[in-house]
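>
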Amino acid sequence: MNTGIKTILTFLFVFGLLHSCSKEKSSSNSQISSLKKIDSITAFINQSVNSSLGTKETIIALEQSLNLINSLEQDSLRMKYFSDLSYKSISIGDSLFFRKVNLQTQKLASVLKDSSALAEAQWDLAIYFNQSNLKDSAYYYYNNALTIHSKLNNPNKIANLLYAIATVQTAVGDFSSAEQNTIKSLELYKALNNYNGLYLAYNSLGNISNSVGEYNRAIEFYNTAKTYLDEVENSESDKISITNNIGVSYNYLENYESAERNFQMVVNADSLKFKNPDFYAKALTNLATCKMSLNSSENIEPLFAEAIQIQQNENNSFSEATTVGYYAKYLAFKGDTLIALEKAKKSVALAEKSNNTEGLLRSLDFLTIIDKPNASKYAQQYIVVNEKLQKDERTLRDKFARVRFQTDEFIEKNELLANQNKLLTREKQLWSAISVIGLITAIAILVIVLQRIRNRNLKFKQLQQESNQEIFNLLLLQQGKLEEGKKLEQERISQELHDGVLNKMLGIRLVLIGLNKKTDQESIDQRAELIKDLAELSEEIRAVSHELSNAAYQNVSNFIESIKALIETFRKATPEINFNFAYTEEFGWDNILSETKIHLYRIAQESIQNCIKHAQASTIFLNFEATDKEIVVSIEDNGKGFDSNKAKKGIGFRNISSRVRKMNGIWDLSSTLGEGTILTIKVPLTESKNKVA
């Protein structure tokens, strides 16, 4: 009996020992398997970023990585490698694969409530949209990532996201917001002693300054950025980029000697042609255009030829469109008009193919000069492209504003919810304490507890009331902002209706009065033209009502011709008045800012109308004079004159004063009874220039 029991116990012990060894072996095998998978995932991901692989091999490596990640049992490991794969797959060129991985990453991060991983996945998505030129989507996801990282209080990532948002805002022309976000990132980078971040921020401020015409300020920012690069390892390529940017600023300032020195340094940089051929080609183009501006006797055609050849080899039609456009100008400068015309048309085709809007506008403008028979067609195309560009940029800026507003609302709601949760948590803790105390201390202490509950409830109601008042104040503030915006829009529409629509209607009415009793064919034709003008006028009214923006009617493409057409309209309506118009012919009137052209056109229109309606003049003289520093416009009549102090109170002269102020100019009205009136306007000269940046 004892022997049998011993035998059974021995058997059970051996069986248990073997089972235990088996489990340990199984667990060990599982760990080894996981380690092998991790090594394989890392190898496949590293293999996918190998530049020597083709697209097909890269995608195969990433697909294998994805399959292995999905087979991992630990969620934390899957999360880590999903996040890594999402970032690495942005630049492979397979958008479907990236979106699939990124979506899985976001879903897993949401399930695991991993805010950091979710923010990184949204950041990856923002980079993808930015590379795809979908700026509104990029801004949205950058903003989402920033909101999450702000809660996590990660200053380095907050700074990087602010910088990324600023670059998107710069791309769509929202320079004020871009500057604000760049400065915010700059302050964080300084606190972190992040020299590379400081370089990026100062370089961004330089780019913004260039975009708004503050070229000397841009050079200061670029030089500051360069000092921080001295503290960054392997920064030679960034130093070359800064040197190029400084050259561009000097080019804008027309300091071509300094610009040429900087561009030459870029071209001479060690092995740049092989390390970064696209940038080298851009530097060649900058150098060539700079030499052209210096009227250099050097043959710069080889510079253009080499740049174009590199861009063709790199399949970079975007940059090629820019280079070919400048090459066309160089050929025209040499007198080879036929080939210049051919190259300009090629530049247009390349720009349209690559969505190079800036290059397209520059080439269309050049074609209006060298292809006179088709100048009208190119001018019309220029207007269409330019208006679309402005409309698109305005739409994006509006979307950005909505995202900012929604984000602010979201943050405010979260803060309110957080405060409420804190109150609820404290109340729960209090109830727990009360329950414990109530069990221990009995009825006597229960009275005190109940009193405390009442006090807490009163405090809660008070806090709730304060929160409600805060929300009410925020709503009042928002309503005030909306009312202020509405008032500004009403003032602008009133001004535009008075300056544009009413003046045009009066001009048409005056012409129709003169044609009412005429039945000859010429009068009939003129009436038909006036009917077309009325149709265009209705479109302008609709544009003012719907667009609420100056961009909707910025259609002055050839400024002097537009002024002449305006005068001709009044001449037909009032044949008894003699109109004289003079202007500085050698000055490039079309190069002044579009806003300035619009303001000067409206002022001329209003002034002539005043002369016709009130002055009883027989002669009206307009003079547009341009010097090196300013534009001087004078409008004179030989009418009956008036008290100029009283006249300045009218809406017409208030509009003139408003427009002159917007151009940073000055104006003077001189009138003597019986001797006529002189209106003089002086505006600082600001020309729009386009260079390779």
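Taking UniProt numbering, the leading residue of the sequence shown gets 1, the next gets one more, and so forth. Positions of the beta carbon are idealized from the N, C-alpha and C atoms, including for glycine.
On the DSSP letters alone, give me the boundaries of the alpha helix (DSSP H) that F175 sits inside.
175 to 192 is the extent of the alpha helix (DSSP H) around F175.
> Are the segment 214 to 232 and the segment 259 to 273 touching by the rule of at least three beta carbon pairs closer than 8 Å?
no
> Quick one: is F274 buried, meaning 16 or more other Cβ sit within 10 Å of its Cβ, or exposed?
exposed
> Exposed or buried, what is Q605 when buried is set at 16 or more other beta-carbons lying within 10 Å of its beta-carbon?
buried
> Can you tell me whether residue 696 is buried or exposed? The criterion is at least 16 other CB atoms within 10 Å of its CB, across all chains shown.
No information on residue 696 is available, as it lies outside the stretch 1 to 693 that the chain covers here.
> Going by C-alpha distance, which of E595, I165, N160 is nearest S137?
I165
> Using C-beta distances below 8 Å, list every residue in its chain close to S26, excluding the 5 sequence neighbours before and after it, in chain order.
Confidence at S26 is low in this model, with a pLDDT of 41, below 50, so its placement is unreliable and the value that follows should be read with caution. The answer is none, since no qualifying residue turns up.
> Smallest Cα separation from L125: which of T627, S150, I656, L96?
L96
> If you scan the segment 208 to 241 from start to end, which runs of the alpha helix (DSSP H) of 4 or more residues do you find wholly inside it?
215 to 229
> Taking one C-beta from the segment 584 to 594 and one from the segment 612 to 622 each time, how about it: are there three or more such pairs within less than 8 Å?
no
> Distance check for K157 and S432, CA to CA, integer angstroms please.
40 Å
> At what residue ranges does the segment 319 to 391 contain a whole run of the beta strand (DSSP E), taking only runs of 3 or more?
Taken in chain order, the segment 319 to 391 contains no complete beta strand (DSSP E) segment of 3 residues or longer.
> Would S607 pass as a contact of L679 if the rule is Cβ separation under 7 Å?
yes
> State the DSSP-derived secondary structure class of G652, mapped to helix, strand or coil.
helix
> Flag this pair as touching only if the segment 309 to 327 and the segment 347 to 354 have three or more C-beta atom pairs under 8 Å; answer yes or no.
yes
> If I208 and A178 are in contact, beta carbons under 8 Å, what's the gap, nearest whole angstrom?
6 Å
> Is any beta-carbon of chain D found at less than 7 Å from that of V172?
In summary, chain D is missing from the structure at hand, where a single protein chain is found.
> Can you give the Cα-Cα distance for M292 and I681, rounded to whole angstroms?
Between M292 and I681, the C-alpha separation is close to 35 Å.
> By a C-beta neighbour count over all protein chains shown, 10 Å radius and 16 as the cutoff for buried, is S347 buried or exposed?
buried
> Under the assumption that K662 contacts H599 (Cβ atoms under 8 Å), give the Cβ distance between them as a whole number of angstroms.
That pair is a contact at about 6 Å.
> Kindly indicate which three-state DSSP category L294 falls into: helix, strand or coil?
coil
> Kindly identify the DSSP beta-bridge partner or partners of T680.
S634, D668
> Report buried or exposed for T677, applying the criterion of at least 16 other Cβ atoms within 10 angstroms of its Cβ.
buried
> Would you kindly check if the distance between the Cβ of A159 and the Cβ of L198 is under 7 Å?
no
> Kindly give me the distance between the Cβ atoms of residue 713 and S89, rounded to whole angstroms, as I take these residues to be in contact under 8 Å.
With the chain covering 1 to 693 only, the question about residue 713 has no answer from this structure.
> Can you list, in chain order, the stretches of the alpha helix (DSSP H) that have 4 or more residues and sit fully within the segment 94 to 173?
95 to 112, 115 to 131, 135 to 152, 155 to 171
> Measure how close the beta-carbons of R659 and I620 come, nearest whole angstrom, since I'm counting them as under 8 Å.
The Cβ separation is near 20 Å, so there is no contact.
> Assuming contact is defined by CB atoms lying nearer than 7 Å, are L161 and L146 in contact in what I supplied?
Taking 7 Å as the cut-off, the beta carbon of L161 is found closer than this to the beta carbon of L146.
> Tell me which same chain residues have a C-beta within less than 7 Å of the C-beta of G206, skipping the five on either side of it?
A218, F221, Y222, A225, N245
> Going by beta carbon distance, what residues of the same chain come within less than 8 Å of L446, once the five residues before and after it are set aside?
G438.
> Thinking C-beta only, is T182 closer than 7 Å to residue 732?
Nothing in the structure corresponds to residue 732, since the chain is present only between 1 and 693.
> DSSP on residue 698, reduced to helix/strand/coil?
A query on residue 698 cannot be resolved here, the shown segment of the chain reaching from 1 to 693 and no further.
> Could you pull the start and end residues of the beta strand (DSSP E) that F621 belongs to?
Taken as a continuous stretch (DSSP letters only), the beta strand (DSSP E) holding F621 covers 619 to 626.
> Specify the secondary structure class of F274 as computed by DSSP and reduced to three states.
DSSP places F274 in helix when its eight states are reduced to three.
> Taking the Cβ atom as the reference point for each residue, do A283 and Q311 lie within a distance shorter than 7 Å?
no
> If you draw a straight line from the C-alpha of L192 to the C-alpha of L229, how long is it?
Each residue's Cα considered, the two are about 16 Å apart.
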